[in-house]
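Colleague: From first to last, the protein sequence lines stand for chains A and P. Numbering of the first sequence is given in my numbering, commencing with residue 1 and proceeding in unit increments. Numbering of the second sequence is given in my numbering, commencing with residue 1001 and proceeding in unit increments. Don't be surprised by glycine CBs; every beta carbon is placed ideally from N, CA and C. Mind looking over this structure? Questions follow.
Protein chains: 2
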Amino acid sequence: MELKKMLAEKSKENYGIYLPHLSIDCVVFGFQDASLKVLAVKLKDQPLWGLPGGYIRKEESMDQAASRILQERTGAANIYLQQFRVFGDLNRSEGFFDGYDDDLWHKQRYVSVGYYALVDFSDVTLVTDEFSDACEWLDVGNLPEFMMDHRLILDKALSALRKQLNYKPIGLRLLPAKFTMPELQKLYEIILGKKLNRGNFYRKMLRFGILEKLNESRKGGAHKAPDLYRFEPEKYKDALRNGLQSEW
Amino acid sequence: MELKKMLAEKSKENYGIYLPHLSIDCVVFGFQDASLKVLAVKLKDQPLWGLPGGYIRKEESMDQAASRILQERTGAANIYLQQFRVFGDLNRSEGFFDGYDDDLWHKQRYVSVGYYALVDFSDVTLVTDEFSDACEWLDVGNLPEFMMDHRLILDKALSALRKQLNYKPIGLRLLPAKFTMPELQKLYEIILGKKLNRGNFYRKMLRFGILEKLNESRKGGAHKAPDLYRFEPEKYKDALRNGLQSEW
């Protein structure tokens, strides 16, 4: 069935189920093969890509809605999603449905709440739903055109993730349990999109007090074997809750 | 007129003007006499304090709504408000209007967008509107009980402001044009709610590269006169836009 007909059928039902004028868009980053990816969907009969999104049920909290929406797409139940910004400009979405009935649910003005997550690739099984032709990981460094203001939403999510590196730890579950400093640095470089100074990075990371240096080193390779580290679970958790020990 | 009657009169009109289910709450911090204050209002016939708030008109953007709401309270037109978090839990506001008609506009479920600002006291003239008995600056260190989840909203705003110190400059317009390092440190200490190490603070601030040391010192006082600094306007603006030069 074509998209227009499918949306019209859903429209009336949606008015009864969801809060009007409010939507959620999810920016899900994945880390694979030393590159940063983002989860994107392609609606039927639409040339552009978009972010997975949905609406808030009248009897669920906004956070529950975000989890449900993402679970429907990825099968993953325990992805830690974090709201990062609201997109409340006029005409950010309505124009997309030019030519559709004016009372179509989807054609309302939406204020959209952006959520982002950084996930382990292996947790995720992508689901292409009835409204979509595709649901894929796209390379953040090489993105196609996005619909509505979804590229802006994505950019703001990336910016929020980068800011978060200043006060929250990152890496648990994205890196192996034991890792080297160059591996940890590579993760930061990929998220920040730039090369970092090795000495500054080491000093800063050690000052955060969340790493334990192990009495082991990475075997194999011709060079001096690099030391292995792990996150100290309690200190990592504490830093997630209370922020990194900064120099203030 | 009592609050209940006034709200009932406004209710029908509001349905035509505003987006339903969406509200805005503003956390406005002020800095005075070495203490941090927050702007609070007291509704008529209500024992508890609350944050100044309002709704989004159908034909205005969310940011415009936040500015309008705050201007109605403070007379200040150019306060830089920043959204920091959405409050979307179930039952966060409805219970407050127990005993009111179920179709009262104000009794809906609201998802509320929190905005915060840090303002110069001298810019603000407080306005007590028709629904309120009081509009005052309260000391953040000594707060009365707040209505609904407004204390949570305030706490999250303060937490956002503190995080912001990690990647954005602060102090322009809150400090005199020329200031000493101890004065700047005091501002950070008040926002962070703790004493800071002097040496670490100096090093960190200078590394940000937004300060210019002047060939002047503060006159008067028995001790060695402390050096005066000013913010370099272009570098400060650049840091606001692109974040502080951190060590990454």
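Please report the residue range of the beta strand (DSSP E) in which lysine 10 of chain A lies.
Modeller: Unbroken run through lysine 10 of chain A is the alpha helix (DSSP H), 3–17; no beta strand (DSSP E).
Colleague: Starting from the C-beta of alanine 1066 of chain P, find all residues in its chain whose C-beta is less than 6 Å away, skip the five residues before and the five after it, and write them out in chain order.
Modeller: Counting only Cβ-Cβ distances below 6 Å, and skipping sequence neighbours, we find Ile1024, Leu1081 and Tyr1115.
Colleague: Assuming leucine 1019 of chain P and glycine 1030 of chain P are in contact, meaning their beta carbons sit under 8 Å apart, how far apart are those beta carbons, in whole angstroms?
Modeller: Wrong, their Cβ atoms sit about 29 Å apart, outside the cutoff.
Colleague: Just to confirm my understanding: we take leucine 1214 of chain P, look at its own chain, exclude 5 residues before and 5 after, and list those with CB closer than 8 Å. What are they?
Modeller: Lys1178, Asp1227, Leu1228, Tyr1229 and Arg1230.
Colleague: Where isoleucine 1170 of chain P and arginine 162 of chain A are concerned, what is the direct C-alpha to C-alpha distance, given to the nearest angstrom?
Modeller: Distance between the alpha carbons of isoleucine 1170 of chain P and arginine 162 of chain A is about 19 Å.
Colleague: For glycine 1088 of chain P, decide whether its Cβ has a neighbour in chain A, counting only Cβ atoms nearer than 8 Å.
Modeller: Yes, contact with chain A.
Colleague: In angstroms, rounded to a whole number, what distance separates the CA positions of leucine 158 of chain A and phenylalanine 84 of chain A?
Modeller: Going from the Cα of leucine 158 of chain A to the Cα of phenylalanine 84 of chain A covers about 10 Å.
Colleague: Taking leucine 70 of chain A as the reference, give the member of A:Ser11, A:Val27, A:Asp103 and A:Gln108 with the closest Cα.
Modeller: Out of A:Ser11, A:Val27, A:Asp103 and A:Gln108, A:Val27 has the C-alpha closest to the C-alpha of leucine 70 of chain A.
Colleague: Can a CB atom of chain P be found closer than 8 Å to the CB of lysine 163 of chain A?
Modeller: Output row for lysine 163 of chain A: interface = yes.
Colleague: Between which two residues does the alpha helix (DSSP H) carrying glycine 1199 of chain P extend?
Modeller: Residues 1198–1208.
Colleague: Is there a Cβ of chain A sitting closer than 8 Å to that of proline 1182 of chain P, yes or no?
Modeller: Judged by the 8 Å Cβ criterion, proline 1182 of chain P is not in contact with chain A.
Colleague: Could you spell out the range, first to last residue, of the beta strand (DSSP E) harbouring tyrosine 116 of chain A?
Modeller: From DSSP, the beta strand (DSSP E) with tyrosine 116 of chain A extends over 111–119.
Colleague: Using a Cβ-Cβ cut-off of 7 Å (strictly less than) and excluding sequence neighbours within five positions of serine 1217 of chain P, which residues of its own chain qualify?
Modeller: Counting only Cβ-Cβ distances below 7 Å, and skipping sequence neighbours, we find Ala1225, Pro1226, Asp1227 and Leu1228.
Colleague: Determine, using beta carbons only, whether leucine 1244 of chain P and tyrosine 1167 of chain P come nearer to each other than 8 Å.
Modeller: For leucine 1244 of chain P and tyrosine 1167 of chain P, yes; Cβs fall inside 8 Å.
Colleague: Does leucine 174 of chain A get closer than 8 Å to chain P when you measure Cβ to Cβ?
Modeller: With 8 Å as the cut-off, leucine 174 of chain A does not count as an interface residue toward chain P.
Colleague: Report all residues from its chain with a CB closer than 8 Å to the CB of leucine 1175 of chain P; omit the five preceding and five following residues, and keep chain order.
Modeller: Hits under 8 Å: Glu1183, Leu1184 and Leu1187.
Colleague: Hey, how far is the Cα of valine 140 of chain A from the Cα of valine 1140 of chain P?
Modeller: Distance between the alpha carbons of valine 140 of chain A and valine 1140 of chain P: 42 Å.
Colleague: In the DSSP output, what is alanine 252 of chain A paired with across the bridge?
Modeller: Residue coverage of chain A in this structure runs from 1 to 248, which leaves residue 252 of chain A outside it and unanswerable.
Colleague: Relative to the alpha-carbon of asparagine 1048 of chain P, which residue among P:Cys1135, P:Lys1037, P:His1021 and P:Asp1089 has its alpha-carbon at the smallest distance?
Modeller: Before going further, note that residue 1048 of chain P is leucine rather than asparagine in the sequence given. Leucine 1048 of chain P has its Cα closest to that of P:Cys1135, out of P:Cys1135, P:Lys1037, P:His1021 and P:Asp1089.
Colleague: Quick check: what's the CA-CA separation for glutamate 1060 of chain P versus alanine 1077 of chain P?
Modeller: About 16 Å.
Colleague: Find the nearest neighbour of histidine 1021 of chain P within the set A:Val111, A:Asp63, A:Pro52 and A:Arg92, judged by alpha-carbon distance.
Modeller: Among A:Val111, A:Asp63, A:Pro52 and A:Arg92, the Cα nearest to that of histidine 1021 of chain P is on A:Val111.
Colleague: Taking the CB atoms as reference points, tell me whether proline 1052 of chain P and arginine 1068 of chain P lie closer together than 8 Å.
Modeller: No, they are not a contact pair.
Colleague: So for proline 1226 of chain P, helix, strand or coil by DSSP?
Modeller: Coil.
Colleague: May I ask you to list, following chain order, the residues of the segment 22–34 of chain A that have a beta carbon less than 7 Å from some beta carbon of chain P?
Modeller: Here the close residues are Leu22.
Colleague: Which residue from P:Leu1126, P:Asp1103, P:Ala1008 and P:Gly1054 puts its Cα closest to that of leucine 1138 of chain P?
Modeller: Answer by Cα proximity: P:Leu1126.
Colleague: Give me the Cα-Cα distance between glycine 1199 of chain P and methionine 1205 of chain P, rounded to the nearest whole angstrom.
Modeller: Those two C-alpha atoms are separated by around 10 Å.
Colleague: Which residues bound the alpha helix (DSSP H) around glutamine 71 of chain A?
Modeller: Element bounds for glutamine 71 of chain A: 62–74.
Colleague: Taking 7 Å as the limit between beta carbons, can you name the residues of its chain near threonine 1128 of chain P, skipping five residues before and five after?
Modeller: Taken in chain order, the residues that qualify are Ala1134 and Cys1135.
Colleague: What residues of chain P sit near serine 61 of chain A, judged by a beta carbon separation below 7 Å?
Modeller: Those are Gly1088, Asp1089 and Leu1090, listed as they occur along chain P.
Colleague: Quick check on the burial criterion: 16 or more other C-beta atoms within 10 angstroms. Buried or exposed for tyrosine 15 of chain A?
Modeller: It is exposed - the Cβ of tyrosine 15 of chain A has fewer than 16 other Cβ atoms within 10 Å.
Colleague: Compute every distance between the C-beta of asparagine 200 of chain A and the non-hydrogen atoms of the ligand SAM, then say whether any falls below 7 Å.
Modeller: As presented, the structure is devoid of all ligands, the ligand SAM included, so that no description of it is given.
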